[in-house]
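Line by line, the protein sequences give chains A and B.
Going from the first sequence to the numbering used here is simple: count from 1 and add 266.
Going from the second sequence to the numbering used here is simple: count from 1 and add 3.
First the structure, in the form of structure tokens, and then the observations on it.
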Amino acid sequence: GESVGLHLPTLSVQEGDNSIINCAYSNSASDYFIWYKQESGKGPQFIIDIRSNMDKRQGQRVTVLLNKTVKHLSLQIAATQPGDSAVYFCAENSGYSTLTFGKGTMLLVSP
Amino acid sequence: DTAVSQTPKYLVTQMGNDKSIKCEQNLGHDTMYWYKQDSKKFLKIMFSYNNKELIINETVPNRFSPKSPDKAHLNLHINSLELGDSAVYFCASSQDPGRQETQYFGPGTRLLVL
Numbered sequence: 267g268e269s270v271g272l273h274l275p276t277l278s279v280q281e282g283d284n285s286i287i288n289c290a291y292s293n294s295a296s297d298y299f300i301w302y303k304q305e306s307g308k309g310p311q312f313i314i315d316i317r318s319n320m321d322k323r324q325g326q327r328v329t330v331l332l333n334k335t336v337k338h339l340s341l342q343i344a345a346t347q348p349g350d351s352a353v354y355f356c357a358e359n360s361g362y363s364t365l366t367f368g369k370g371t372m373l374l375v376s377p
Numbered sequence: 004d005t006a007v008s009q010t011p012k013y014l015v016t017q018m019g020n021d022k023s024i025k026c027e028q029n030l031g032h033d034t035m036y037w038y039k040q041d042s043k044k045f046l047k048i049m050f051s052y053n054n055k056e057l058i059i060n061e062t063v064p065n066r067f068s069p070k071s072p073d074k075a076h077l078n079l080h081i082n083s084l085e086l087g088d089s090a091v092y093f094c095a096s097s098q099d100p101g102r103q104e105t106q107y108f109g110p111g112t113r114l115l116v117l
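Put into structure tokens, the structure is as follows:
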């Protein structure tokens, strides 16, 4: 959902649950998408990417799903751990050398 | 063995001052970037350099001047600092400037203008 005031959309889960973070992207011409994880006080860290000729890609405990029809991207994290707590951003490659970032979702994992 | 490094990590300064932020990458990448992250965590591209040449310059005040002495370094100089410049500035790099290139980020420089 949209961020309200200074607050990011937040997803709170229990340790061990599966987490799903959603992202709507804006440019139907975008052909490359990345999920980044940003922990407090650190820079964005690459998690997983997907090209537009795919609709699903799996990594270690993470899966990215791409639905080009509705311009929607999701990140699934299996067996969420406290160390997964961070802000997650989707980014789309909307032009030459340009990444456009989404607004971010805060994931809070409680033990 | 830090891939993308920035200095300083924190920068507190008065309005009107001039300051620089440095960035270095040891990944052997050809392209480097500067991003600004505001208080709402929104990340926006400012500049992109490929092999020391400017290739992207988003709508950024000309008080901001990037300089790339070589392809492993991209520094950001800011003149006449304003309160609204307070933000976290991230440097990033990628192998090439083209599409479908993953960008790798530095740890950020937290700038506070008083």
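Backbone N, C-alpha and C fix where the C-beta goes; we use that ideal spot for every residue, glycine too.
Bear in mind that the values here come from a model prediction, so they are computed numbers and not experimental data.
Are the C-beta atoms of residue i and some chain B residue less than 9 Å apart?
i, result
"D297 (chain A)", "yes"
"I287 (chain A)", "no"
"L272 (chain A)", "Confidence at L272 (chain A) is low in this model, with a pLDDT of 49, below 50, so the placement of that residue should be treated as unreliable; the coordinate-derived value is given next. Output row for L272 (chain A): interface = yes."
"Q342 (chain A)", "no"
"T366 (chain A)", "yes"
"K369 (chain A)", "yes"
"Q324 (chain A)", "no"
"V353 (chain A)", "yes"
"L310 (chain A)", "Looking at the sequence shown, residue 310 (chain A) is not Leu but Pro. So, interface residue."
Can you tell which of the options has its C-alpha closest to the C-alpha of residue i?
i, options, result
"F79 (chain B)", "B:Q103, B:K39, B:K43, B:G87", "According to the sequence provided, residue 79 (chain B) is Leu. The question's Phe does not apply to it. Ranking B:Q103, B:K39, B:K43, B:G87 by Cα distance to L79 (chain B) puts B:K39 first."
"K44 (chain B)", "A:Q342, A:L274, A:L373", "A:L274"
So, is the C-beta of residue i closer than 9 Å to a C-beta in chain A?
i, result
"A75 (chain B)", "no"
"Q106 (chain B)", "yes"
"K43 (chain B)", "yes"
"G126 (chain B)", "Because chain B is modelled from 4 through 117, residue 126 (chain B) falls outside the range shown and cannot be assessed."
"G31 (chain B)", "no"
"P64 (chain B)", "no"
"P110 (chain B)", "yes"
"K70 (chain B)", "no"
So, is residue i buried or exposed, given that buried needs 16 or more other C-beta atoms within 10 angstroms?
i, result
"Q311 (chain A)", "exposed"
"P100 (chain B)", "buried"
"A95 (chain B)", "buried"
"Q280 (chain A)", "exposed"
"D21 (chain B)", "exposed"
"G111 (chain B)", "buried"
Compute the beta-carbon to beta-carbon distance between residue i and residue j, rounded to the nearest angstrom, for a pair I have assumed lies under 8 Å.
i, j, result
"Y107 (chain B)", "I24 (chain B)", "The pair is not a contact, with the Cβ atoms about 17 Å apart (cut-off 8 Å)."
"D350 (chain A)", "S318 (chain A)", "In fact, because the Cβ distance is near 26 Å, the residues do not count as touching under 8 Å."
"L114 (chain B)", "L46 (chain B)", "About 15 Å; that fails the 8 Å criterion."
"P64 (chain B)", "W37 (chain B)", "About 13 Å separates the two Cβ atoms, so there is no contact after all."
"R327 (chain A)", "A345 (chain A)", "6 Å"
"Y291 (chain A)", "K337 (chain A)", "5 Å"
"N288 (chain A)", "S340 (chain A)", "5 Å"
"E61 (chain B)", "I48 (chain B)", "5 Å"
Look up residue i in the DSSP assignment and give the residues it is bridged to.
i, result
"K25 (chain B)", "B:T10"
"R113 (chain B)", "B:Y13, B:V91"
Can we count residue i as close to the ligand ZN, meaning its CB is less than 8 Å from some heavy atom?
i, result
"I316 (chain A)", "You won't find the ligand ZN in this model; it holds no ligand whatsoever."
Note down, in chain order, every chain C residue with its Cβ under 8 Å from the Cβ of residue i.
i, result
"I24 (chain B)", "No chain C appears in this structure, whose protein chains are A and B."
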